[in-house]
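Chains as they are written, first to last, in our numbering: chain E, 13 to 305; chain C, 8 to 278.
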């Protein structure tokens, strides 16, 4: 028997996916579709470009919320659920290393999030594309009805609107959302290996997730207020080191608004997320390896 | 025994997290700096928002839901606009442009609400004495200008924002020199439209001391062909010809459209 088998991890991942699908987690997609359709019909004195931007902002906002919420909720219930169903005993009594069990569970959650994000992206792109076609046609008609607009004027204005439409850059935003969800899922798995209940895991992970967005900002202000003393450093530094910095994954907002992002920055971000997942999985394994059930 | 094992494992796990933190911090800090420099991450200005939008919305902003908070604030501003609560509209648009400073349309809409809608609303408010109405009108027009200024600092090449500022100076403040200046910046900006050149010329013609420059500019447009020879351009050139005492041989052949209009309609006063 191989010490480490990707095949076994895959089996565990797909069974986790089935388990999560049976929990009706994909019902969220119906809510998402309704949300995007509603956003695409929202008109608050919006210009043509803003109409498209609102569809993007609401869709990526919804994707972002879904992904981290799902990453926490799904990962938090997995191990306790397996314990409750006694599936955990069946799996661990077979020659399945605990590392593979943890990685399989994590991969299952990430697979579910990945599939949901891809479906949401397809839905959103379709709606954005249709909206873009309609908005461009309307705007062309309006611009052409004003004789002072030359063909070059019309082209420039339509290009500005197109910049807010469907583009490949939006996939970077989707990837950043997935990376953040992956880190959150790995963190939740780590918490769940020592937590006493799913609720505890969810609460602790949510708190860490929220604090991870502003702890650096808060630490900066605190040091400014309290002075850069040794005591302050001893209090602040461990928090900064232990809690992950989720802010680096917030590029989604800028990418969605049309800011170009360098491939090298995305690669660094991917590497960082992979490192988080690897280290959190390793620590989770350390805590889980001799845990008695 | 069990407790000791738990404590040992917890200490070890925390130590691993600290070591990992020490290793990742330089990479994270450098990536954050780079993303902030590339305008992909919001800078510390987010902290200034905490007093304006409340703690929960502030958390949402930090949590990567900045555009959603901006959409909610736009809804709020729309509601305030319906009830003519101009202070709320101003506050909301200040929040919106802090949240999404790259959205040119939000700068434009905010300035339009303040300089046009709020100013007109106060001017038409018959419950106030005339002097107060005029004072408030001027005040809100100034607020519109003040709102747009940081937008222009952040987007110095935005044709749309310079055009908006030019419009305010033209229609609300009636300062042809500043209007001409902003139309010039609009025509040299990122998305110029052909009429912006004419507008620059029209208001430069009304700017004291710059008549010669305006005449040369408008004549250059005139020479481009019939597409540019619109009634206002002809009228301004004729006006400048008279002011600059251009010899008849060098004057354009067209007749001032205002003179033609006055012949047909004696009460017509032109612009």
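Using N, Cα and C, we set each Cβ at its ideal position, and we do this for glycine too.
(message) Give me the residue from E:149, E:107, E:31 and E:283 with the minimum Cα distance to residue 124 of chain E.
(response) E:31
(request) Report the neighbours of residue 201 of chain C on chain E: residues whose CB is nearer than 9 Å to its CB, in chain order. (result) 160, 161, 162, 164 and 165
(message) For a test of the three-state rule: what should DSSP assign to residue 214 of chain C, helix, strand or coil?
(response) coil
(request) Starting from the N-terminal side, write out each stretch of the alpha helix (DSSP H) that is 4 residues or longer and does not extend beyond the stretch 160 to 231 of chain E. (result) 163 to 174 and 182 to 204
(request) Name the two residues that bound the continuous alpha helix (DSSP H) containing residue 83 of chain C. (result) 73 to 89
(request) Could you tell me whether the Cβ of residue 279 of chain C comes closer than 8 Å to any Cβ of chain E? (result) The question about residue 279 of chain C has no answer here: the residues shown for chain C are numbered 8 through 278.
(message) Using a Cβ-based criterion (distance less than 7 Å to any ligand heavy atom), does residue 109 of chain E qualify as near the ligand NAP?
(response) In terms of ligand content, the structure shown is empty, and the ligand NAP therefore cannot be addressed.
(message) Using a Cβ-Cβ cutoff of less than 7 Å, which residues in the same chain neighbour residue 131 of chain E once the five nearest sequence positions on both sides are dropped?
(response) 41
(message) Does the stretch 168 to 181 of chain C come into contact with the stretch 107 to 121 of chain C, if we say contact requires no fewer than three beta-carbon pairs (one atom in each stretch) closer than 8 Å?
(response) Inter-segment contact for the stretch 168 to 181 of chain C and the stretch 107 to 121 of chain C is present: three or more beta-carbon pairs are separated by less than 8 Å.
(message) Does any residue of chain E have a CB that is nearer than 8 Å to the CB of residue 32 of chain C?
(response) So, interface residue.
(request) Within 10 angstroms of the Cβ of residue 84 of chain E, are there 16 or more other Cβ atoms? Answer buried if so, exposed if not. (result) Buried.
(request) Kindly indicate the opening and closing residues of the alpha helix (DSSP H) around residue 188 of chain C. (result) 183 to 194
(message) Taking only three categories from DSSP, how would you classify residue 264 of chain E?
(response) helix
(request) For the stretch 83 to 114 of chain E, enumerate the residues whose C-beta is nearer than 9 Å to any C-beta of chain C, in chain order. (result) Answer in chain order: no residues at all.
(request) Compile a chain-ordered list of the residues in the stretch 278 to 289 of chain E whose CB is closer than 9 Å to at least one CB of chain C. (result) 280, 281, 283, 284, 287 and 288
(message) Would you say residue 268 of chain E lies against chain C (beta-carbon separation less than 8 Å)?
(response) yes
(request) Report buried or exposed for residue 182 of chain E, applying the criterion of at least 16 other Cβ atoms within 10 angstroms of its Cβ. (result) Residue 182 of chain E is buried by the Cβ-count criterion.
(message) Would you call the stretch 210 to 217 of chain C in contact with the stretch 178 to 197 of chain E, where contact means no fewer than 3 C-beta pairs closer than 8 Å?
(response) no
(message) Suppose you measure from the CA of residue 259 of chain E to the CA of residue 141 of chain C; what does that come to, to the nearest Å?
(response) 48 Å
(request) Give the interface partners of residue 291 of chain E over in chain C, defined as CB-CB distance under 7 Å, in chain order. (result) 27
(request) Determine the chain B residues that contact residue 70 of chain E at a beta-carbon separation under 9 Å, and present them in chain order. (result) Annotation note: the requested chain B is absent from the structure, which comprises protein chains E and C.
(request) List the residues of chain C whose Cβ lies closer than 8 Å to the Cβ of residue 172 of chain E, in chain order. (result) 198
(request) State the Cα-Cα distance for the pair residue 78 of chain C and residue 95 of chain E, rounded to the nearest angstrom. (result) Straight-line Cα distance between these residues: approximately 43 Å.
(request) Measure how close the beta-carbons of residue 113 of chain C and residue 100 of chain C come, nearest whole angstrom, since I'm counting them as under 8 Å. (result) 7 Å
(message) Would you call the stretch 19 to 38 of chain C in contact with the stretch 293 to 301 of chain E, where contact means no fewer than 3 C-beta pairs closer than 8 Å?
(response) yes
(request) Please report the Cβ distance between residue 248 of chain E and residue 234 of chain E, rounded to the nearest whole angstrom; I am assuming they are in contact, meaning their Cβ atoms lie under 8 Å. (result) 6 Å
(message) Give me, in chain order, the residues of the same chain whose beta-carbon lies closer than 8 Å to that of residue 222 of chain C; leave out the 5 immediate sequence neighbours on both sides.
(response) 212, 244, 247, 248, 251 and 253
(message) Using the three-state DSSP reduction, which class does residue 48 of chain E fall into: helix, strand or coil?
(response) helix
(request) Please report how far the alpha carbon of residue 16 of chain E lies from the alpha carbon of residue 145 of chain E, in whole angstroms. (result) 51 Å
(request) Would you give the residue range spanned by the alpha helix (DSSP H) that residue 117 of chain E belongs to? (result) Residue 117 of chain E -> alpha helix (DSSP H) spans 110 to 156.
(message) At the level of alpha carbons, what is the spacing between residue 20 of chain E and residue 108 of chain E?
(response) 8 Å
(message) Quick test of the definition: if touching needs 3 or more C-beta pairs under 8 Å, does the stretch 147 to 162 of chain E touch the stretch 216 to 233 of chain E?
(response) no
(message) Residues of chain C with CB closer than 8 Å to the CB of residue 152 of chain E, please, in chain order.
(response) Near residue 152 of chain E there are no residues of chain C at all, since even the closest Cβ is about 15 Å away, more than 8 Å.
(request) Give a yes or no on whether the C-beta atoms belonging to residue 38 of chain C and residue 275 of chain E are separated by under 8 Å. (result) Taking 8 Å as the cut-off, the Cβ atoms of residue 38 of chain C and residue 275 of chain E do not count as close.
(message) Would residue 71 of chain C pass as an interface residue toward chain E - the criterion being a Cβ-Cβ separation below 8 Å?
(response) yes
(request) Report, in whole angstroms, the separation of the C-beta atoms of residue 177 of chain E and residue 140 of chain E, which I expect to be a contact under 8 Å. (result) 7 Å
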